[in-house]
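Peer 1: I'd like to ask you about the structure that follows.
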Amino acid sequence: MAETSITINDVVFVVDCGKAKETSYDALNNTPCLLPSWISKASARQRKGRAGRVQPGECYHLYPRCVHDAFADYQMPELLRTPLQSLCLQIKSLQLKSISEFLSKALQPPEPLSVQNAVEYLKMIGALDEKENLTVLGRYLSMLPVEPKLGKMLIFGAIFNCLDPIMTIVAGLSVRDPFLMPFDKKDLAESAKAQFSARDFSDHLALVRAFDGWKDAERDQFGYEYCWRNFLSTQTLRAIDSLRKQFLYLLKDIGLVENLESCNICSHDEHLVRAVICAGLFPGICSVVVSKSLYLGAISYIQFACWGEDTENVRPLGGVRTNIKYIVQNKEKSISLKTMEDGAVLLHSNSVNAQEAKIRFPWLVFNEKVKVNSVFLRDSTGVSDSVVLLFGGNVSSGGLDGHMKMLGGYMEFFMTPELATMYLTVKRELDELVQKKLSNSKLDIKSHNELLTAVRLLVSEDRCEGRFVFGRQIPASSRNFEKEIQVGSANGGGSNAKSHLQTLLARAGHQTPSYKTKQLKNNKFRSTVMFNGLDFVGQPCGSKKEAEKDAAAEALRWLSGDSQSSETTVDYMSAILKKSKKEPHNSAARWR
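Here it is in structure tokens:
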């Protein structure tokens, strides 16, 4: 209250602890923080002034004078404690030459790393080119009074004709959360919010449903009752409604919207709306990691884009198949989340996804993360691999056929070469279509109906459900080696998988692998082999020894590459392990 200069007439005593939760920015980890810190001398004077404004009062400072004397005179300027993306975009739109040069002339210039992070972010989302010049997308973003990522979401919503729900989401993310969480009725409030989720693992879609329900109730004169029953803020919902109207006016003004009806042809397509959310929030993405309580099964011949429990009767998509790894679940369902910068993160308790024991999507995109004690994601939406590949950032080919990388190798995808080529082709054509639309706002994208149909089919038919765990394809040239492993495991001699794996790890400088074996209810054994941060689980076997061999064979299968013989396969495996030891940040294990 003191920092906002609120005066309460009957306050006589003020207790000042000397601390305040203040928003800051960790440039090294590129993360906003909300941590308790010492206040400034100016804030201490403000707190003291809350007592005795209209009658005599007293203020008790719970810290010694030497601590007070060490306080800064004033609060740190906002320029030094917030991300700079929006500011950098405005600097370029005003043609003020170099961003870093301009900001270095400030009275208290921000850290160079903060400026660099902002510039790299704007390049990543396509607002700046490599020479730090505004792109066509960047010019549009500079005309919208929202954060660049939210502006990009609005623009993509207009381009892909699903504008109405996207305007609601952007407006909701621009104001305070409309979902109220009273301390004494938190369980009821969480239940009310969960009903808007419909178990689709999206805070943003829950917001859309809540707002649409409120609009319907308002038309029937039951708006207040609707908000009271569902723990919603009427004031916030009205602010969202007002912002939506402003967004629509701005989009019409810059030429991206002509006819509101045509801009909402696809608003009912939930999969496309998720894709547009991903396009805006990327690279705000975290992987959904299956914890060690879930078993990682052997490589299975499963259709990539249409998953199911019955692997024998999956429906093919275009006749293209690939080898992937699948997850065999036990009774204890558990997940963890990891981002590129922070490693393990947590979902905020107000998120609809925080109550879920299992999230069926392999990725979550989020708008805001904040570091309190741990790093928390305030809001999130689950997205599939196809959505990330087509609507995320730049995709590049990896070192193997069918290997694709994003974010400099922090995200990796493995599939058949034919499928990878198809995704890269569709991605390239989709990016070209967006650029054409931005350059010529009169362009009717429905004239590219074949491409749009392919995109909608890919994002809607991807039933990944969290089972795509960086499955490495086994080329035909390596199948003889795979057979040798299986024969050696079954016979207990010959090419022993356990000794083979141990030799490979030793050559790469890793420690000896460890095994954990569990006896199943059918008196069979299942073993897990662990090394270099990776866990591999074999199939059930009749004895503990056979189970360990099978787990080792599974690890060797994953490590096998596109070599032509057993000898070169071994060399290739060793190269992978050595690389992962020297450069762990480039390994897919980073996300496990």
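Under full-length UniProt numbering, the letters of the sequence shown match residues 1 to 592, in that order. Glycine included, every Cβ here is placed at the ideal spot set by N, Cα and C.
1. Report the rounded CA-to-CA distance for R428 versus V455, giving the unit in angstroms.
2. By the DSSP assignment, the alpha helix (DSSP H) with Y423 in it spans what residues?
3. Whole angstroms are fine: how far does the CA of V383 sit from the CA of K369?
4. Is the beta carbon of R526 closer than 7 Å to that of P540?
5. Using DSSP with H/G/I as helix, E/B as strand and the rest coil, what is R526?
6. Is it buried or exposed for A23, if we count other Cβ within 10 angstroms and need 16 for buried?
7. Just curious, the alpha helix (DSSP H) that A344 is in, first and last residue?
8. Rounded to the nearest angstrom, what separates G157 and S104 at their Cα positions?
9. Roughly how many whole angstroms lie between the Cα atoms of Q46 and C33?
10. Where D444 and K437 are concerned, what is the direct C-alpha to C-alpha distance, given to the nearest angstrom?
11. Residue range of the beta strand (DSSP E) that V370 falls in?
12. Of the residues L96, E101 and P109, which one's Cα is nearest the Cα of R81?
13. Have a look at residue 607 and N496 and give me their C-alpha separation to the nearest angstrom.
14. Alpha helix (DSSP H) containing A218: first to last residue?
15. Would you say G280 and K405 are within 7 Å of each other, going by their C-beta atoms?
16. For a test of your reading of the model: does the CB of P109 fall under 6 Å from any non-hydrogen atom of the ligand MN? Yes or no.
17. Could you tell me the distance, in whole angstroms, from the CA atom of F231 to the CA atom of A51?
18. Whose C-alpha, out of M124, H68, K245 and F102, is nearest the C-alpha of P408?
19. Of the residues P362, V345 and L389, which one's Cα is nearest the Cα of L377?
20. Any idea if L347 is buried or exposed, counting beta-carbon neighbours within 10 angstroms, 16 or more meaning buried?
21. Less than 8 Å between C-beta atoms, sequence neighbours within five positions excluded: which residues of the same chain meet that for Y60?
22. If the criterion is Cβ atoms closer than 7 Å, does the pair V459 and H271 meet it?
23. By how many angstroms is the C-alpha of A553 removed from the C-alpha of D535?
24. Thinking C-beta only, is Y63 closer than 7 Å to A42?
25. Closest to L107 by C-alpha separation, out of E461, M76, I285 and D212, would be which residue?
26. Closest to L400 by CA distance: which of E412, P283 and T135 is it?
27. Roughly how many angstroms lie between the CA atoms of H68 and P36, to the nearest whole one?
28. In the DSSP assignment, find the alpha helix (DSSP H) that holds K405 and state where it starts and stops.
29. Would you report the Cα separation of L501 and S191, rounded to the nearest angstrom?
30. Alpha carbon to alpha carbon, how far is V276 from R244?
Peer 2: Well, looking at it:
1. 12 Å
2. P417 to S439
3. 18 Å
4. yes
5. strand
6. Position check: residue 23 holds Thr in this sequence, whereas Ala was assumed. That one is exposed.
7. No alpha helix (DSSP H) contains A344, which is instead part of the beta strand (DSSP E) from G343 to L347.
8. 36 Å
9. 24 Å
10. 8 Å
11. K369 to K371
12. P109
13. As shown, the chain starts at 1 and ends at 592. That puts residue 607 outside it, with no answer to give.
14. In the sequence on display, residue 218 carries Glu and not Ala. Taken as a continuous stretch (DSSP letters only), the alpha helix (DSSP H) holding E218 covers D203 to R219.
15. no
16. Absence of the ligand MN from the depicted structure is noted, as is the absence of any ligand whatsoever, leaving it without description.
17. 35 Å
18. In the sequence as displayed, the identity of residue 408 is Gly instead of Pro. It is M124.
19. V345
20. buried
21. F13, V14, V15 and D16
22. yes
23. 12 Å
24. no
25. M76
26. E412
27. 16 Å
28. Segment H403 to M406 is the beta strand (DSSP E) holding K405; no alpha helix (DSSP H) there.
29. 50 Å
30. 17 Å
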